[in-house]
Amino acid sequence: RLLGLLLQRGGASVAPFLTDVIGVLQAALLDPYPEVRRESCRCAVACAQAVPEHFHMQSESLIKPLMQTISHQHYRVRVDVIQATGTVIQFGNGKSVDDVLSHLAQRLFDEIPKVRHAVITVIGEWLLHLRDRYSYFHKLIPLLLGGFTDEIPENTKLACTYWEMIGLQWEKENEDDLKDKMDFSVPPSRYPKGVARPGLGCRELVSRNLSKILPGLCHDITDWVESTRIKASQLLYTLLLHAEDHITQHMELLLRTLYQACLDEESNVVKNCMKAAELIGTFVSPKVSLRLITSAFGKAPKPSCIMVLTAVIRGSPKEILQPHLTDLGNTLSQVCQRSEEVFYMEQLLCCVRALIEVCQEDCKEISLQLMKVLVTIMAVAGSQPLKEKVEETMSSLAGVQQLDGFLYLYKQHIIQLMEWVSVSHDCWTCYSPEILQLEVIATHSGPVIGEALNNFILILKTCLQPNKDPQMRLKLFTILSQLLQQASETVNSRGLFPGYLETVIKDILAPNLQWHAGRTAAAIRTTAVSCLWALIHSEMLSPEEIVKVKDGLMPQIIAAMDEDSKIARLMACRIVGGFLKVCGRQFDEDKFTNIYTGKCKKVLKRLDDASSDVRLAAAHTLTNWFKCFKDSDMKSAMESHIEFLYQELLIHLDDPDQNTQNALLEVLKEGSVLYPELLVKEIEGVVHKHRTPAYCNQLLHHIQSARESA
13 RLLGLLLQRG GASVAPFLTD VIGVLQAALL DPYPEVRRES CRCAVACAQA
63 VPEHFHMQSE SLIKPLMQTI SHQHYRVRVD VIQATGTVIQ FGNGKSVDDV
113 LSHLAQRLFD EIPKVRHAVI TVIGEWLLHL RDRYSYFHKL IPLLLGGFTD
163 EIPENTKLAC TYWEMIGLQW EKENEDDLKD KMDFSVPPSR YPKGVARPGL
213 GCRELVSRNL SKILPGLCHD ITDWVESTRI KASQLLYTLL LHAEDHITQH
263 MELLLRTLYQ ACLDEESNVV KNCMKAAELI GTFVSPKVSL RLITSAFGKA
313 PKPSCIMVLT AVIRGSPKEI LQPHLTDLGN TLSQVCQRSE EVFYMEQLLC
363 CVRALIEVCQ EDCKEISLQL MKVLVTIMAV AGSQPLKEKV EETMSSLAGV
413 QQLDGFLYLY KQHIIQLMEW VSVSHDCWTC YSPEILQLEV IATHSGPVIG
463 EALNNFILIL KTCLQPNKDP QMRLKLFTIL SQLLQQASET VNSRGLFPGY
513 LETVIKDILA PNLQWHAGRT AAAIRTTAVS CLWALIHSEM LSPEEIVKVK
563 DGLMPQIIAA MDEDSKIARL MACRIVGGFL KVCGRQFDED KFTNIYTGKC
613 KKVLKRLDDA SSDVRLAAAH TLTNWFKCFK DSDMKSAMES HIEFLYQELL
663 IHLDDPDQNT QNALLEVLKE GSVLYPELLV KEIEGVVHKH RTPAYCNQLL
713 HHIQSARESA
């Protein structure tokens, strides 16, 4: 305090003792007592102001102790040190700026707002009044602009105020150089909403120093310290906002940095970089930006490249993007198959959404390309929420084209989509992404797939041959089975599917019903049998067509009753029952005796099946078998076989499962009209062996009632 009083009262007369004063301050600045350090800072300020003519020769001696104290644990000490540093360099040797910059930059991350306030003030004063400030603009500007994103509004306002003053001062000092720009410059046609455009001096200061600032800043954006990356990404946005079209000459460095930063695990870094990338779209010609970004797609696929492209699109005016839409659509449709990573697909979806939002009705000219991208995303998407987002995007694409929904998009492009997906279908394997794309097109297009049957059936015919990849065939059969279960709403929506039935049955289903070893082959047979049942159940196969195909398919269907798969056994029973129901009365006696009597025993065997569903299906099939003999001339020739059936069915009538018992009771009721006396005789021979005589008694009562009514 005494030294401070001497400096205050003595003024310039202290000059002869400057060396001694500096020595005292050097020691006092490192004193263990905080208040001594604070008082020393005030003395350093007073000394610089008292003897400015001589101080610059000794000022460097104070820099080291000041920097040793700048990170003191007491924030008031830190504030005083920063203020003292500002004055010491202001009145001292400007070269010391290099020695203190890194320390001041660290204080911008200080958790105490007053410390950051002091840094902003010092940097602002230097930019306004430092003698060599022009030499240090590129080093000081980033520190001041860093205050624009301070979390305390007072600090932000202070930084903005200083920056405006600095810009105006520089503008005035360089008025001759800026005269043309001041008089004739035209503001940009588009500017970020809600953002005030910086003054000409501020913009010029950044533009002229950007080449010196960017390399270091881009390095900081990828720093290992999270807070540094966040601050650097915030500063990048501020700099690009000032640089405007001067960004163009720095595009390669910027894009490399953004590609890396957009993959940052810290969401704030990604958010800030995406905002910065939007400014590229606002200020840089698409001829430059899109060419550079799309060229990066030629290398390994990176979701960050898509993210940057999305941001550039969002920042671009619609009319400027329009001439580049076709190239953009083609590029996206090509790169959409480069990766199956979910994050990559999510970013692709964001990019398509951005295109639709910005370009609106202009997207009609790339509607097909965007549909290819959306189909691919949906094909790869593992989660339902992502699929729902894809569907929403399809609806948006339909909306900008004045279509009522995404089904009309499929209607508009179904043939082109089928041609696109089938380019190499004869070379597909189970790993081919086209199979997943085909599944989306076929199942998601609803009734529209019925308009592309020629392409669809051709793909199935080629890819479902027995010599093709078994896993691929299984996938395709699963798709076909899914469609056939709702045939009227899918493949037969236009009533055209019957025209392809012969191809489906003879060239697709029949070859795949043949027995081959292995689980995959068994699964293929199961899906093929399911497809055949779907055709019969949906009544797409007319009785005439069933008559044509039944003899060729029957051996494989009967063999399917012995499959390990419950579904295969169930469907086989249902198919035989369907054949009997439709054309059982159209058989001649020899054929029925030779073929269907033997097959009936196979069905009868299914009454012992472990699955109750299969037992019920077998019972239903036997009911149809009995119906074939009503008023038939074949009845007498089949008496011995019918007797055998009565005996077997009565054994199974005592099945432990009540549903099976009820089903067999109905079978025997249906069969009782053929030889009632014979059936009564058989019942009386076994009724005492059953656990309960109830079902036998019901059957006897039914036969008696039938006789009386006759």
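If you're matching positions, the sequence shown starts at 13 in the working numbering and goes up one per residue. For every residue, glycine included, the Cβ atom is placed at its ideal position computed from N, Cα and C.
Neighbourhood of residue i by C-beta, 8 Å cutoff - its chain only, sequence neighbours within 5 removed
i	result
Thr161	Thr168, Lys243, Gln246, Leu247, Thr250
Ile715	Ser684, Pro688, Leu691, Val692
Leu170	His129, Ile132, Thr133, Gly136, Gly159
Thr515	Ile469, Lys473
Gln181	Leu140, Gly213
Leu592	Tyr608, Thr633, Asn636, Trp637, Lys639, Cys640
Rounded separation between residue i and residue j - CA only
i	j	result
His702	Asp620	17 Å
Val93	Cys53	6 Å
Asp111	Gln359	44 Å
Leu476	Asn524	8 Å
Gln272	Ile233	9 Å
Asn342	Gln381	6 Å
Gly136	Leu340	45 Å
Lys330	Met406	20 Å
Glu522	His549	Checking the sequence shown, residue 522 turns out to be Ala, not Glu. One C-alpha to the other measures close to 18 Å.
Ile75	Ile164	29 Å
Val588	Asn671	21 Å
His528	Ala584	17 Å
Leu496	Cys543	7 Å
Ser727	Val207	Since the displayed the chain opens at 13 and closes at 722, residue 727 lies outside it and no answer follows.
Lys399	Thr338	25 Å
Asn479	Glu575	22 Å
Ile453	Leu465	12 Å
Asp189	Lys151	23 Å
Asp235	Gln118	14 Å
Ala366	Cys172	32 Å
Gly590	Asn709	31 Å
Pro567	Lys423	41 Å
Lys642	Lys578	32 Å
Ile517	Ser554	13 Å
Ile124	His86	10 Å
Pro204	Lys287	10 Å
Leu565	Phe309	52 Å
Short Cβ contact (8 Å threshold) for residue i with residue j
i	j	result
Cys363	Ile325	yes
Asp43	Arg90	no
Arg506	Glu463	yes
Glu451	Ala535	no
Ile82	Leu140	no
Gln334	Asp374	yes
Ser434	Ile389	no
Ala546	Ser493	yes
Glu72	Gly104	yes
Ala255	Leu229	no
Gln659	Glu682	no
Leu429	Ser379	no
Contact belief for residue i with residue j at Cβ below 8 Å, rounded distance in angstroms
i	j	result
Leu677	Asp625	About 18 Å; that fails the 8 Å criterion.
Lys473	Asp519	5 Å
Val296	Thr322	Not confirmed; about 15 Å, so no contact.
Leu304	Leu253	Contact flag wrong, Cβ pair sits at about 20 Å.
Ala631	Ala675	4 Å
Leu680	Leu711	6 Å
Beta-carbon proximity list for residue i, same chain, < 7 Å, skipping 5 on both sides
i	result
Leu226	His262, Leu265
Ala533	Pro482
Lys401	Leu361
Ala580	Arg537, Thr538, Val541, Ala572
Ser351	Pro313
Glu238	Glu278
Phe355	Pro315
Val370	Ile325, Arg326, Ser328, Lys330, Leu333
Trp432	Lys384
Tyr512	Leu465, Ile469
Close-in-space but distant-in-sequence residues of the same chain around residue i (CB under 6 Å, 5 per side omitted)
i	result
Ala718	none
Ser345	Gln381, Lys384, Val385
Closer than 7 Å: residue i CB and nearest the ligand SAH heavy atom
i	result
Ser444	Within the structure as shown, the ligand SAH is missing, as the structure has no ligands at all.
| query | Below 8 Å, can you find three or more Cβ-Cβ pairs linking the region 96-115 to the region 59-75? | reply | yes
| message | With three or more beta-carbon pairs closer than 8 Å as the criterion, would you say the region 483-500 touches the region 436-443? | response | yes
| said: Below 8 Å, how does it come out for the region 502-521 and the region 451-462: are there three or more Cβ pairs, yes or no? | reply: yes
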